[in-house]
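Undergrad: Shown below is the structure under consideration.
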Amino acid sequence: MNAIETNPAARTVASTQSEMTEIILPNDTNTLGHLLGGRLMHFIDLTGAMAAYRHSRTHVVTAAMDHIDFIRPVHLGDLVTLRSSVNRAFNSSMEVGVKVWAENTRTGVTAHVASAYLVFVAIDAEGRRQRVPQLTPETPDELRRFEGALRRRELREAEAARRKDARLAMAALEGSSPSGE
Ligand SMILES: CC(C)(COP(=O)(O)OP(=O)(O)OC[C@H]1O[C@@H](n2cnc3c(N)ncnc32)[C@H](O)[C@@H]1OP(=O)(O)O)[C@@H](O)C(=O)NCCC(=O)NCCS
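Going left to right, the sequence shown walks through residues 1 to 181 as our numbering numbers them.
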């Protein structure tokens with residue numbers, strides 16, 4: 001049996017790679033027989049969490065899922081394969097990338113249908129945040145994703161600050177208006 005070190009200083013991207021394949025059944029589709037967007041987001045969340053579990057070896061929660069483009073429809077009967085890995089680890093959070101392909105079972109043609117970035121936060125059973133190992137990129141692609149993850153974190157923080165300012169400005173306006181509660 002291979003024991004995995006639970007708290008190393010760093011892990012490789014390869015050690016976090018995860019994969020899931022689903023066959024699309026009638027319950028997963030809309031009235032046109034296309035995979036529901038929400039169902040695909042559920043698969044993305046699960047596959048992303050697998051990579052985060054492998055990196056942190058503790059409980060994780062989804063803190064954020066970035067913008068997703070549904071590039072082309074997935075049809076009833078297709079095989080959907082999702083692959084995930086951690087792009088970068090910060091203090092208690094990890095950015096995970098998930099890429100999704102659909103395969104037509106009769107023709108064997110496979111196409112990229114969606115991609116997403118998610119942030120997971122490691123916590124213990126009492127909900128306290130846990131420090132995660134750092135991630136060591138080993139290939140040029142892994143390094144590109146590692147550097148991109150820092151830029152995306154800065155963009156998320158800037159966007160969160162912008163939304164907070166907008167909420168405060170709106171609250172101040174509502175508070176000062178005669179009809180404000
Ligand atoms: C995610 C959660 C644990 C963050 O808690 P918090 O008290 O706001 O934490 P902090 O602001 O101190 O941030 C902790 C880390 O989370 C990251 N984070 C928090 N909110 C984030 C967001 N919206 N997007 C990206 N990262 C986020 C921070 O950058 C920080 O990362 P770091 O430790 O690597 O520097 C908390 O908001 C939560 O429990 N949310 C609900 C999660 C959930 O129920 N998900 C769905 C089911 S799994």
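Where a beta carbon is used, it is the ideal one built from N, C-alpha and C, also for glycine.
Determine the direct distance from the alpha carbon of P137 to that of R11, and round the result to whole angstroms.
TA: In the sequence shown, residue 11 corresponds to position 11, counting from 1. In the sequence shown, residue 137 corresponds to position 137, counting from 1. Computed Cα separation, rounded: 9 Å.
Undergrad: May I ask whether a heavy atom of ligand 1 can be found less than 8 Å away from the beta carbon of E157?
TA: The residue you call residue 157 lines up with position 157 of the sequence shown. The answer is yes for E157.
Undergrad: With 16 as the cutoff for other CB atoms within 10 Å, does G175 come out buried or exposed?
TA: Here the question's residue 175 lines up with position 175 in the sequence shown. When all chains shown are included, G175 counts as exposed.
Undergrad: Is it the case that the Cβ atoms of A51 and T62 are separated by a distance below 9 Å?
TA: One-based indexing of the sequence shown puts residue 51 at position 51. One-based indexing of the sequence shown puts residue 62 at position 62. Taking 9 Å as the Cβ cut-off, A51 and T62 do not qualify as a contacting pair.
Undergrad: Once the 5 residues before and after E22 are set aside, which same chain residues still bring their CB inside 7 Å of it?
TA: To locate residue 22, count along the sequence shown from 1; it is residue 22. If we look at E22 and ignore the five residues flanking it on each side, its Cβ neighbours are F43, V80.
Undergrad: Ligand 1 and G97: does the residue's C-beta get closer than 8 Å to at least one heavy atom of that ligand?
TA: Against the sequence shown, residue 97 aligns to sequence position 97. Exclusion of G97 from the 8 Å shell around ligand 1 follows from its C-beta lying no nearer than that to any non-hydrogen atom of the ligand.
Undergrad: Would you check if the distance between the CB atom of V121 and the CB atom of V60 is smaller than 9 Å?
TA: For the purposes of this step, residue 121 is taken as residue 121 along the sequence shown, with counting starting at 1. For the purposes of this step, residue 60 is taken as residue 60 along the sequence shown, with counting starting at 1. Yes, Cβ-Cβ distance for V121 and V60 is below 9 Å.
Undergrad: Sorted by chain position, which residues of the same chain lie with C-beta nearer than 6 Å to S85's C-beta, five sequence neighbours on each side aside?
TA: What you label residue 85 is simply residue 85 of the sequence shown in a count that begins at 1. Cβ neighbours of S85 beyond the five flanking positions: V13, T16, Q17, A51.
Undergrad: Is the beta carbon of T136 within less than 8 Å of some heavy atom of ligand 1?
TA: Numbered from its first residue, the sequence shown carries residue 136 at position 136. Checking the Cβ of T136 against ligand 1 gives no.
Undergrad: Thinking just about the alpha-carbon of each residue, which of H34, T58, R72 is nearest to the one in E126?
TA: The residue given as residue 126 occupies position 126 in the sequence shown. E126 has its Cα closest to that of T58, out of H34, T58, R72.
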